[in-house]
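Following: one structure in structure tokens, then a few remarks.
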Amino acid sequence: MTHRRYMTSLRPFIWFLVVPFLVMSVGYALFSQDLGIGSTARTAAQNASAPNLVISATRTIYGTGPFQYQFNVTINNVGTVAATGWEVKLTIPTTITGLSCWNASCQLSSLTLIFENASYNGAIPPGGSTSFGVQFTSTNGTLTFNDAVVVGESGAGSDTQYQVIPGLTATMVPGKGWVSGGKYIRQYSIAVKNNTGKRVKSWRVYVTNWNNATYTVESIWNATYISEPAVLKMTNGSQLENNATFSFGGQISMPSSSWTPIFEVRGKV
């Protein structure tokens, strides 16, 4: 009995010794970390055909002033439309120095941090995700990613979003033709070239002398198409880096071999 009373009386004393030690250990840490801060969906002003992206971030702060920040950012596609690219903007109250990032391009415009996807992580399928990171130094020790806004790009969208851009060109080279089922069918090799000096977020090729009652797309590869009464629209929806070329092709049936397509390419930057 005496032994049991002795052990019971020791437990509060041991707990009294351990708890202050744990608190003191946290207090002398060289950095602090907040997990899962910030969750900002895309703005409601986006077109309904745009990807529905959500952003979250973890934060690590080093030092006691000036403060060295590191954010690890994750973008999730919670919608049904695949993203072909994305852009994140974050407005901060004070200027920063030593800006660097990975898995994204980054710049500071006035007091707005702007991040754009790299060439290899712009595509986010529904249910998918990607991530990037950023480091910088600030005299403000309370910065977060809570107000960051992410906007996704896709090959969808209205035609008003696509403009003729100097340096963005396309070729549409006719290949062999043949007769099948009373129709003349010709194969075309199409290439879109970006010499604009910057990334093109999305592009679309328009065949303007089209008549969907007369001409038919028999097949197309590496692209999608929309056949309207007076125009054929073809797009891959992927981003095109500067000096890059994207190639695709298709087969079109027509009454005779004399038809020559008139086309132009438009893009979004």
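Counting from 19, one number per residue, gives the positions in the sequence shown under my numbering. Every residue gets a Cβ at the ideal spot worked out from N, C-alpha and C, and that includes glycine.
Asked: Check for me: the beta strand (DSSP E) holding ALA122 runs from which residue to which?; Found: 122-127
Asked: With a threshold of 16 other CB atoms inside 10 Å of the CB of PRO144, please say whether the residue is buried or exposed.; Found: exposed
Asked: Please determine if the region 214-224 and the region 252-262 are in contact, where contact requires at least 3 C-beta pairs separated by less than 8 Å.; Found: yes
Asked: The beta strand (DSSP E) that contains SER256, what's its start and end?; Found: Unbroken run through SER256: none, as it is neither H nor E.
Asked: For TYR202, which option in VAL182, ILE73, TYR233, THR189 has the closest C-alpha, if you only look at C-alpha atoms?; Found: TYR233
Asked: Across the region 162-178 and the region 246-256, are there enough close Cβ pairs to call them in contact, namely three or more that are closer than 8 Å?; Found: yes
Asked: Determine the extent of the beta strand (DSSP E) in which ARG217 is found, giving its start and end residues.; Found: No beta strand (DSSP E) contains ARG217, which DSSP labels as neither H nor E.
Asked: Thinking C-alpha only, which one of ALA136, GLN179, TRP120, GLY83 is nearest GLY103?; Found: ALA136
Asked: On a CA-only basis, which of VAL249, ILE270, ARG284 is nearest VAL191? Give me that one, please.; Found: ILE270
Asked: Span of the beta strand (DSSP E) holding THR148?; Found: 147-156
Asked: For VAL232, which three-state DSSP category applies?; Found: Checking the sequence shown, residue 232 turns out to be Thr, not Val. If DSSP states are grouped into helix, strand and coil, THR232 belongs with coil.
Asked: Could you work out which residue in PHE133, GLN179, ASN158, THR187 is closest to VAL167 when comparing CA atoms only?; Found: PHE133
Asked: Using 10 angstroms around the beta-carbon of ASN213, count the other beta-carbons present and answer buried if the total reaches 16, otherwise exposed.; Found: exposed
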